[in-house]
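Participant: This note's numbering numbers the first residue of the sequence shown as 972 and each following residue consecutively. First the structure, then my questions, so here it is.
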Amino acid sequence: MIISRTPLRLTLGGGGTDLPSYYSKYGGFVVTSSINKYVYVVVKERFEEEVRVSYSITEIVNDVNDVRHPIVREALKLLDLHKHLEIVTMADAPSRAGLGSSGSFTVGLLHALHTFKGENPSKKELAEEACRIEIDVLKEPCGKQDQYIAAFGGFICLRIDRGGNVEVEDLKISEESIRELESNLLFFYTGITRDSFQVLSEQQKRIQNAEEALEAMHRIKEVGFRAKRALERGDLAEWAKLQHEHWIAKRGTANNITTNVIDRWYMLGIENGALGGKLLGAGGGGFLMFYVENNKERVRKVMAREGLREVRLGFSREGSKIVLNL
972 MIISRTPLRL
982 TLGGGGTDLP
992 SYYSKYGGFV
1002 VTSSINKYVY
1012 VVVKERFEEE
1022 VRVSYSITEI
1032 VNDVNDVRHP
1042 IVREALKLLD
1052 LHKHLEIVTM
1062 ADAPSRAGLG
1072 SSGSFTVGLL
1082 HALHTFKGEN
1092 PSKKELAEEA
1102 CRIEIDVLKE
1112 PCGKQDQYIA
1122 AFGGFICLRI
1132 DRGGNVEVED
1142 LKISEESIRE
1152 LESNLLFFYT
1162 GITRDSFQVL
1172 SEQQKRIQNA
1182 EEALEAMHRI
1192 KEVGFRAKRA
1202 LERGDLAEWA
1212 KLQHEHWIAK
1222 RGTANNITTN
1232 VIDRWYMLGI
1242 ENGALGGKLL
1252 GAGGGGFLMF
1262 YVENNKERVR
1272 KVMAREGLRE
1282 VRLGFSREGS
1292 KIVLNL
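This is the structure:
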């Protein structure tokens, strides 16, 4: 039995510039981090010949081509696994919440399957295989950030050239700054789940066809560079203000990024003491993040009154890891 544990992620700057529609013309730059919420994948040999896959539903098939879960199907085909296999997955946070769960699941599944075969892939190999499945094979409108941070973990910067080649660089952030981030970041679950496929599909179309959306993406990349510098010099108040700039720019990249109620919740956070914040992930729902130095309880009370649930998140220093190999 193999169990992989793969972190979810928090984007710290430049999110969205890792989409092929943008980086293929202008190059991308993302600052990202892994968090202490995980996706777990269990892989074990099965006595019966069929393949059994359990997630929100359970599938039992004789032919991997009949597996309905697209990522599981393509991962099994990629690694040439066809029989006597059971796969179970679970996660610490809901899917479609803006934490990169799809990329984490793909990396974690590949890591577990490789280990099942007695193979030890590198972090780069895991990330690129996951990108190949999600972007090239399944044609998902996603970028490369989620797969890379899931595989590498920690605090990293991704520089993506126009050919899609990714350079991974450690973010030079101090332990004191990490502790301060963990102390001052507040996360609230909106209860709204969104289809990132729809959000990202519209975003990619607008980047290609609407000048204002492209200009917004250029601003997001510039904010990403500034966010890196602010984090590395320990100026977290400046980083927080850059998150606000990012959110304002991102709202211009697609019509379904936000809603009137999300905008109202966000402004309540700012008006009650948050220095900056944003909606995590592609947009449309999921988690609201605020950076709050001096008025945490006031922000908490306002969000609770609005019916939003606070969720405590911290940072993780490791990427995908095999936690059991029997």
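C-beta atoms are modelled at their ideal positions from N, C-alpha and C, and glycine is treated no differently.
(1) For Y923, which residues of its own chain have a beta-carbon under 7 Å away from its beta-carbon, when the five flanking residues on both sides are left out?
(2) Use the C-beta contact count for L1297: other C-beta atoms within 10 angstroms, 16 or more gives buried, fewer gives exposed.
(3) Distance, Cα to Cα, G1134 vs N1266?
(4) With contact counted as at least three CB pairs below 8 Å, one residue from each stretch, are the segment 1075-1090 and the segment 1099-1119 in contact?
(5) Leaving aside the five residues before and after G1285 along the sequence, list all residues of the same chain whose C-beta is less than 7 Å from its C-beta, in chain order.
(6) Is the beta carbon of T1029 closer than 8 Å to that of Q1116?
(7) Candidates R1044, E1019 and R1222: which alpha carbon is nearest A1187's?
(8) If I measure Cβ to Cβ from D989 and keep anything under 7 Å in the same chain, skipping five residues before and after, which residues do I get?
(9) Do three or more CB pairs link the segment 1016-1032 to the segment 1155-1165 at distances below 8 Å?
(10) Just mark L1295 as buried or exposed, buried being the case when its beta carbon has 16 or more other beta carbons within 10 Å.
(11) Closest to R1283 by C-alpha separation, out of E1289, G1290, L1259 and K1292, would be which residue?
(12) Distance check for S1075 and D951, CA to CA, integer angstroms please.
(13) Which of helix, strand or coil does DSSP assign to S1093?
(14) What distance in whole Å lies between the Cβ atoms of V1194 and G984, which are believed to be in contact at a cut-off of 8 Å?
(15) Give the C-beta separation of K1048 and V1035 to the nearest angstrom, bearing in mind that I take them to be a contact with Cβ-Cβ under 8 Å.
(16) Buried or exposed for A1245, going by 16 or more other Cβ atoms inside 10 Å?
(17) Could you check whether the Cβ of D1037 sits closer than 7 Å to any heavy atom belonging to the ligand FAD?
(18) Write down the C-beta distance between I1228 and G1248 rounded to the nearest angstrom, noting that I regard them as a contact closer than 8 Å.
(19) Check this for me: beta carbons of G1071 and R980, under 8 Å apart or not?
(20) I'd like the span of the beta strand (DSSP E) that includes P978, first residue to last.
Facilitator: On the basis of the data shown:
(1) Because the chain here runs from 972 to 1297, residue 923 falls outside it and cannot be looked at.
(2) Exposed, because fewer than 16 other Cβ atoms sit within 10 Å of the Cβ of L1297.
(3) 45 Å
(4) yes
(5) I1006, N1007 and E1153
(6) no
(7) R1222
(8) G999, V1001, G1114, K1115, Q1116, L1129 and I1131
(9) no
(10) exposed
(11) L1259
(12) Nothing about residue 951 can be read from this structure; the chain reaches only from 972 to 1297.
(13) coil
(14) 6 Å
(15) 6 Å
(16) A1245 comes out buried.
(17) Annotation note on the ligand FAD: not contained in the displayed structure, which lists no ligands.
(18) Not confirmed; about 14 Å, so no contact.
(19) Yes, the pair counts as a contact, with Cβ atoms nearer than the cut-off.
(20) I973 to G984
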